[in-house]
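As they're listed, the protein sequences go chains L and A.
Just remember that my numbering sits 716 ahead of the position in the first sequence, which is counted from 1.
Just remember that my numbering sits 979 ahead of the position in the second sequence, which is counted from 1.
Take a look at the structure below.
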Amino acid sequence: MSITAKDVKHIATLSRLNVPADELDKFQEQFNQILNYAEILKKVDTTGIEPSPYVLPTSNVFREDVPQPGVTHEEAMKNAPEEHNGGFKVPRVIE
Amino acid sequence: MALYNETVHELHEKLTKKEISSVELTNAVYDRIDEVEDQVKAYITLDKEGALKKAAQVDARIAAGEAIKPLTGVPGAIKDNISLKGMRLTCASKILENFQPIYDAHVIENLRKDDTVFLGKTNMDEFAMGSTTETSYFQSTSNPWDLSRVPGGSSGGSAAAIAAGEAIWSLGSDTGGSIRQPASFNGCVGIKPTYGRVSRYGCIAFASSLDQIGPIVRDVTDAAIVLNTICGVDAHDSTSANVPVPDFTKALKQDVKGMTIGLPKEFFGKGTDPKVAEQIKLTAKKFEELGAHVVEVSLPHTEYAVITYYIIAPAEASANLGRFDGVRYGYRNMQAQSAPEMMAATRTEGFGQEVRRRIMLGTYVLSSGYYDAYYNKAMQVRTLIRQDYQKAFEQCDLLLTPTSPVVAYPLDAKMDPLTIYMLDVTTIPVNMAGLPGISIPCGFIDHMPVGAQLIGKPLGEETLLRAAYTFEQATDFHKAVAPLGGKK
């Protein structure tokens, strides 16, 4: 299995990234190098093995449904790149 | 020894006895920063004014006869992916170059209760993705033991600051070795606690199932002191462990008699510098002399650990870094004509190459058609890796390995990504299994420090600290000062 330049562009789109023209070849080569190396995982028999992210026995953690102080509007807007009428302003979304 | 090169516990005693003031100490550290920072470049942001203000408050408390905590008035440095209200938070990225955090991380809340002094925010690999601190948007940090070499990473700034006398204690974060490896490269002590020991609230997420905050300091006692303050359950992090936090300084006993220490054979062969392997074997011998029982063990899935990590961590990162879209905070491309264009341009210009590479790799392994072959498979292999460690711990109390298969290498070595990733083999499995690991100084190769990694059972920090302390008290490696480490 090999990643093509077209694949790299497709992955970039899914990632909300552009691929600068001068990086396309390098990224393609590096992805192939890493994914070829990942082939060694095929040697491992994982039949019936459960995926498990955590080492400590964790289950759902609940708290009382009581309102807690949150972030103020002013603080939430503090780092806004562009603001309009107290909201985040973005370029046009719909044509 | 100069004040700026002393340990937290030594300085705490001097503050308590009123031999020094916190203002005097804080000024001594800033003088040192003025002296060497242009060579080391450990910091992204400094806050001398805020630090001196806090130090003066502490001095007033001491003068009034109030009891103080071990970290009270002792200045420390914080890795710049940990949120500290009042100082910008950059993650060493252009995308957060001017970001002002609006809340404190849980660890910072705890440290503030101790009235500690914050010197500034330290340099790191961008979003903690790297092993050299060279992926920082701002600068590369130099290793105070040899300025032409890397300090390791991703917490390279925190470790270099300790080695250069630019901080008394520091915090790092560790997703695949980012506390332990720089600690080893800089002759420091660094501990990654058990996953869940420390709340991750306010530590900008890289790979949420692996990230953990911990100290980089000058000796094992200081590690115990910082752990005492930062550990504990937190309602803001549902993965933080709801278990009692012991007084870790009580674990500092010189006694390893009857302890069984396992040497996993997989970390002493191919891929490990034979000189490093030799130093770790000498460390094992020392433990034997001190009364421990050393046995060889095997962790058969070790060869799969690196690639498993480089599937899981980028997958989690690709999701976590989705929030950086230029809408609510951070850098924004102002030329784009539509929102989707703006987001893609913002992310492409705002993230460095390594971060973009990992986001794309992570997106790929999670994408439809590849999820089972890569991500799900890796999560299953992760279980097998964890089971290897569980089996080894049926026989052993601790495991001993090199912290890194190599000592610090030259800056700008231009290695391809996979070659650099392979050097994380010694530290990565510890994160995958969620175990506590500590790096302690154990020798030198051509004047560069070597670190030994001790790995413990889940929540086994006390055993880890006791063994590390016993070794440290029987050796002098932790007392060595870097050539840029200043006057003895």
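For every residue, glycine included, the Cβ atom is placed at its ideal position computed from N, Cα and C.
#1: Among L:729, L:721, L:767, L:800, whose alpha-carbon lies nearest the alpha-carbon of residue 738 of chain L?
#2: Any idea which residues DSSP pairs residue 1128 of chain A with across the strands?
#3: Quick one: residues in its chain with C-beta nearer than 6 angstroms to the C-beta of residue 1211 of chain A, no 5 flanking neighbours on either side, listed in chain order?
#4: Quick check: what's the CA-CA separation for residue 1276 of chain A versus residue 764 of chain L?
#5: Taking a Cβ distance cut-off of 8 angstroms, strictly less, list which residues of the segment 787–810 of chain L are near chain A, in chain order.
#6: Please decide whether residue 718 of chain L counts as near chain A, where near means a Cβ-Cβ distance under 8 angstroms.
#7: Near residue 1163 of chain A, which residues of its chain fall below 6 angstroms by C-beta distance, leaving aside the five closest residues on each side in sequence?
#8: Going by C-alpha to C-alpha distance, which of A:1374, A:1346, A:1394, A:1161 sits closest to residue 728 of chain L?
#9: Taking 8 angstroms as the threshold (C-beta atoms), are residue 1002 of chain A and residue 1146 of chain A in contact?
#10: Closest Cβ-Cβ distance between residue 780 of chain L and chain A: below 8 angstroms?
#11: Rounded to whole angstroms, how far is the Cβ of residue 1136 of chain A from the Cβ of residue 1022 of chain A, which I believe are closer than 8 angstroms?
#12: For residue 1467 of chain A, name the three-state secondary structure that DSSP assigns.
#13: What residues in the segment 1363–1396 of chain A have a beta carbon less than 8 angstroms from any beta carbon of chain L?
#14: Should residue 1351 of chain A go down as buried or exposed, given a rule of 16 or more other Cβ atoms within 10 Å for buried?
#15: Using a beta-carbon distance cut-off of less than 8 angstroms, what residues from the segment 1350–1361 of chain A approach chain L?
#16: When you compare each of L:808, L:803, L:798, L:780 to residue 1309 of chain A by their alpha carbons, which one comes out closest?
#17: Counting only runs that start and end within the segment 1037–1108 of chain A, where is the beta strand (DSSP E) found for 3 or more residues in a row?
#18: Should residue 740 of chain L be flagged as near chain A, meaning a C-beta pair shorter than 8 angstroms?
#19: What separation, rounded to the nearest whole angstrom, lies between the Cα atoms of residue 1174 of chain A and residue 801 of chain L?
#20: Have a look at residue 719 of chain L and residue 1074 of chain A and give me their C-alpha separation to the nearest angstrom.
#21: Quick one: list the residues of chain A neighbouring residue 769 of chain L, beta-carbon separation under 8 angstroms, in chain order.
#22: CA-CA distance, residue 1467 of chain A and residue 1093 of chain A?
#23: Let's see if you can read the secondary structure: which residues bound the beta strand (DSSP E) around residue 1171 of chain A?
#24: May I ask you to report which of helix, strand or coil DSSP gives residue 1324 of chain A?
#25: For residue 1467 of chain A, would you say it is in contact with chain L, using Cβ-to-Cβ distances shorter than 8 angstroms as the test?
#26: Apart from the five residues just before and just after residue 1019 of chain A, which ones in its own chain have a Cβ nearer than 7 angstroms to its Cβ?
#27: Secondary structure at residue 800 of chain L, three-state DSSP: helix, strand or coil?
#28: Specify the secondary structure class of residue 989 of chain A as computed by DSSP and reduced to three states.
#29: Are residue 1406 of chain A and residue 1361 of chain A touching if we call contact CB-CB under 8 angstroms?
#30: State yes or no: is the C-beta of residue 1099 of chain A within less than 8 angstroms of the C-beta of residue 1112 of chain A?
#31: Give every residue of the same chain whose Cβ lies closer than 8 angstroms to the Cβ of residue 1161 of chain A, excluding the five residues on either side of it in the sequence, and list them in chain order.
#32: Can you have a look at residue 1159 of chain A and say buried or exposed, based on whether 16 or more other CB atoms are within 10 angstroms of its CB?
#33: Would you kindly work out how many angstroms separate the C-alpha atoms of residue 1284 of chain A and residue 981 of chain A, rounded to a whole number?
#34: Tell me, which residues are paired with residue 1272 of chain A by DSSP?
Based on what the coordinates show:
#1: Of L:729, L:721, L:767, L:800, the residue nearest in Cα terms is L:721.
#2: Looking at the DSSP assignment, residue 1128 of chain A forms a beta bridge with A:1389.
#3: Same-chain partners within the cutoff: 1224.
#4: For residue 1276 of chain A and residue 764 of chain L, the distance between alpha carbons rounds to 26 angstroms.
#5: So the list reads 787, 791, 792, 794, 795, 796, 797, 798, 804, 806, 807, 808, 809, given in the order they occur along the chain.
#6: Cβ-Cβ to chain A under 8 angstroms: no for residue 718 of chain L.
#7: Correct list, in chain order: 1382, 1383, 1418, 1430.
#8: The shortest Cα separation from residue 728 of chain L among A:1374, A:1346, A:1394, A:1161 belongs to A:1346.
#9: With a cutoff of 8 angstroms on beta-carbon distance, residue 1146 of chain A and residue 1002 of chain A are scored as not near each other.
#10: The C-beta of residue 780 of chain L comes no closer than 8 angstroms to any C-beta of chain A.
#11: Cβ-Cβ separation between residue 1136 of chain A and residue 1022 of chain A: approximately 6 angstroms, consistent with a contact (criterion under 8 angstroms).
#12: With a pLDDT of 49 at residue 1467 of chain A, under the threshold of 50, the modelled position of this residue cannot be trusted, and the question is left open.
#13: Along the segment 1363–1396 of chain A, the positions whose C-beta sits under 8 angstroms from a C-beta of chain L are 1363, 1365, 1395, 1396, read in chain order.
#14: Exposed is the call here.
#15: Per Cβ criterion, the list reads 1353, 1355, 1356, 1357, 1358, 1359, 1360, 1361.
#16: Selection L:808, L:803, L:798, L:780 evaluated against residue 1309 of chain A yields L:798 as nearest (Cα-Cα).
#17: Fully contained in the segment 1037–1108 of chain A are the following beta strand (DSSP E) runs of length 3 or more, in chain order: 1054–1058, 1096–1101.
#18: Closer than 8 angstroms: no.
#19: In this structure, the CA atom of residue 1174 of chain A is about 43 angstroms from the CA atom of residue 801 of chain L.
#20: Looking at the two C-alpha atoms, the distance is approximately 28 angstroms.
#21: Result: 1188, 1358, 1361.
#22: A caution first: residue 1467 of chain A carries a pLDDT of 49, below 50, which makes its placement in the model unreliable, though a value can still be read off. Spanning the alpha carbons of residue 1467 of chain A and residue 1093 of chain A requires a straight line of approximately 29 angstroms.
#23: DSSP places residue 1171 of chain A inside the beta strand (DSSP E), whose first and last residues are 1168–1171.
#24: The three-state secondary structure of residue 1324 of chain A, taken from DSSP, is helix.
#25: For residue 1467 of chain A, the predicted model reports a pLDDT of 49, less than 50, meaning its position is unreliable; a value from the coordinates is still stated below. Residue 1467 of chain A has a beta carbon lying at 8 angstroms or more from every beta carbon in chain L.
#26: Closer than 7 angstroms at the Cβ level, and outside the excluded window around residue 1019 of chain A, lie 1120, 1121, 1123, 1139, 1143, 1145, 1463.
#27: When secondary structure is reduced to three states using DSSP, residue 800 of chain L falls in the strand class.
#28: Correct three-state label for residue 989 of chain A: helix.
#29: Cβ distance not < 8 angstroms, so residue 1406 of chain A and residue 1361 of chain A don't count as in contact.
#30: Not closer than 8 angstroms, so no.
#31: Cβ neighbours of residue 1161 of chain A beyond the five flanking positions: 1112, 1130, 1131, 1132, 1133, 1134, 1135, 1137, 1138, 1139, 1151, 1167, 1169, 1195.
#32: With 16 or more Cβ atoms within 10 Å of its Cβ, residue 1159 of chain A is classed as buried.
#33: Approximately 43 angstroms, taken between the alpha carbons.
#34: The beta-bridge partner set that DSSP reports for residue 1272 of chain A consists of A:1239.
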